[in-house]
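Below is one structure, written out as structure tokens; the observations come after it.
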Amino acid sequence: MTVPVFRFAPSPNGHLHLGHAYSALLNQQMARNTGGRLLLRMEDIDRERCTPDLERAMLEDLRWIGLDWETPIRRQSEHFAVYHKALSKLIGMELVYPAFLSRSDIKRAIEAMPGDRDHWPRDPDGALHYPPNDRMLSKSERDRRIGEGQPFSWRLNMQRALEHVGEKLSWSETAPDRHLVEARPQDWGDVIIARKDMPTSYHLSVVIDDALQGITHVVRGTDLFHATSVHRLLQRLFDIDPPVYHHHALVLDRDGQKLSKSRKDTALRELREQGKTPQEIRGLVGL
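As structure tokens, then:
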């Protein structure tokens, strides 16, 4: 019988808040209830914002609320070679292309398009879909721009990737109960897979890490629900068996907005300094 494997995977780019506490403790609770394991992963591919000091503070906060995890901790910043290998496979399959347009370039390119530009598609996060300009460049033109040092990102050719898969995708969701969810990666357009100075993105690294760590259950907030569609597509392209997903409700602030690491009044450090106990933290997040 397969032992369930859960993971809590924060980014050490700020201090943990009540939302992180809820997700971490829920992962621990579900792991214990199923006789499973709990791993901790630092998603620190952003080396400018993610710092050792913030990681140390994060680990201190997690221990304070009573989280236990297996060691060693996986740090994404130590595995760029692994992500580069995965990216190279997608390049070899001709499923990604170098994209040179900046955010302002994207807007200008769309405005120059004929037709109904006011209804240009947006992804689930509200960003405009990437226009086809760079997708249609010749190899020689791409090589010329890269050789000149023009900044670029690697974007997934969504249409070609879907044609390569050739089937509808879905995932097993357990919130609020077990059911299948249709994956709609096309809603994201040509999503970023990696950058010139970083051979990965959140989408690529999380899929590769979950597979390498043998994660069977991904428990995370509903803010990542739609991203699962991209992850299912990448899993299929890499022949990875998908985990079961559980997208829990978010802990919101008094205005009904998603918590931010910049909000001190919900930060675990601030609450601890106010005299709150770990048990009170559990009560505040409903556990």
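What the sequence shown shows, in the UniProt record's numbering, is residues 1 to 287, in sequence order.
Quick reminder that beta carbons are idealized off the backbone N, C-alpha and C, glycines included.
Based on Cα-Cα distance, which residue from the options lies nearest to residue i?
i, options, result
"residue 344", "Val96, Arg160, Leu26", "The question about residue 344 has no answer here: the residues shown for the chain are numbered 1 through 287."
"His246", "Val181, His119, Leu90, Phe80", "Val181"
"Thr71", "Met42, Val165, Ala249", "Met42"
"Phe100", "Leu67, Arg144, Gln235", "Arg144"
"Asp61", "Ala211, Leu90, His15, Asp116", "His15"
"Lys168", "Leu250, His20, Val230, His119", "Val230"
"Met1", "His17, Ala21, Gly36, Ala57", "Gly36"
"Leu284", "Tyr22, Val165, Pro12, Asp239", "Tyr22"
"Ile281", "Gly221, Asp255, His17", "His17"
"Gly59", "Trp154, Leu40, Arg47, Met93", "It should be noted that the sequence gives Leu, not Gly, for residue 59. Of the listed residues, the one whose Cα sits closest to Leu59 is Leu40."
"Val82", "Met136, Glu273, Phe8, Gln213", "Gln213"
"Arg160", "Met93, Asp134, Ile73, Asp209", "Met93"
Between residue i and chain C, is the shortest Cβ-Cβ distance under 9 angstroms, so that the two count as touching?
i, result
"Met93", "Judged by its chain identifiers, the structure shown contains no chain C, having just a single protein chain."
Measure the alpha-carbon distance for residue i versus residue j and round it to whole angstroms.
i, j, result
"Trp69", "Ser140", "50 angstroms"
"Thr200", "Leu87", "7 angstroms"
"Arg122", "Leu128", "4 angstroms"
"Arg142", "Thr216", "39 angstroms"
"Pro185", "Thr51", "32 angstroms"
"His179", "Glu270", "39 angstroms"
"Arg49", "Leu26", "26 angstroms"
"residue 327", "Gly19", "Because residue 327 is not part of the residues shown, which for the chain are 1 to 287, the question remains open."
"Gln76", "Pro114", "42 angstroms"
"Ile106", "Ile193", "17 angstroms"
"Leu80", "Asp239", "Position check: residue 80 holds Phe in this sequence, whereas Leu was assumed. About 20 angstroms."
"Asp177", "Asp187", "25 angstroms"
"Ala24", "Glu148", "45 angstroms"
"Lys85", "Thr277", "45 angstroms"
"Trp154", "Gly256", "35 angstroms"
"Ala211", "Thr266", "33 angstroms"
"Phe152", "Arg272", "43 angstroms"
"Lys261", "Leu67", "19 angstroms"
"Asn133", "Leu162", "19 angstroms"
"Phe8", "Val244", "15 angstroms"
Run the CB neighbour count on residue i, radius 10 Å, all protein chains shown included, and call it buried at 16 or more, exposed below.
i, result
"Arg232", "buried"
"Val3", "exposed"
"Gly286", "exposed"
"Arg254", "exposed"
"Arg103", "exposed"
"His119", "exposed"
"Ser205", "buried"
With a threshold of 6 angstroms on Cβ separation, who are the neighbours of residue i within its own chain once the five nearest residues in sequence on each side are excluded?
i, result
"Ala31", "Phe6, Leu38"
"Leu252", "none"
"Leu90", "Val96"
"Pro12", "Met42, Asp44, Cys50, Leu54, Glu55, Met58"
"Leu226", "Position check: residue 226 holds His in this sequence, whereas Leu was assumed. Closer than 6 angstroms at Cβ, skipping near neighbours: Pro124."
"Thr34", "Pro4"
"Pro131", "Ala109, Ile110"
"His203", "Val230"
So, at 8 angstroms on beta carbons, what are the nonlocal neighbours of residue i in its own chain, with the 5 sequence-adjacent residues on each side left out?
i, result
"Glu78", "none"
"Leu268", "His15, Leu16, His17, Leu18, His20, Ala21, Asp61, Trp64, Ile65, Ile281"
"Ala183", "Lys168, Leu169, Ser170, Trp171, Thr228, Ser229, Arg232, Leu233"
Which residues in the same chain as residue i place their Cβ atom closer than 7 angstroms to its Cβ, once the five residues preceding and following it in sequence are excluded?
i, result
"Gly275", "none"
"Arg117", "Ile110, Glu111"
"Leu156", "Leu95, Val96, Asp190, Val191, Ile193"
"Arg47", "Ser77"
"Pro242", "Trp171, Arg232, Gln235"
"Lys258", "Asp223, Leu250, Leu252"
"Met198", "Ile45"
(Q) Runs of 3 residues minimum, wholly inside the region 189-238: which ones carry the beta strand (DSSP E) assignment? (A) Counting whole runs of 3 or more residues, the region 189-238 contains the beta strand (DSSP E) stretches 192-195, 217-221.
Q | Sequence ranges, alpha helix (DSSP H) only - wholly within the region 132-167, length at least 4 | A | 139-147, 158-165
Q: Please specify which runs of the beta strand (DSSP E), each continuous and at least 3 residues long, are wholly inside the region 51-124, giving them in chain order.
A: 70-75, 96-99
Q) Residue ranges of each alpha helix (DSSP H) run of no fewer than 4 residues wholly in the region 5-56, ordered along the chain? A) 18-33
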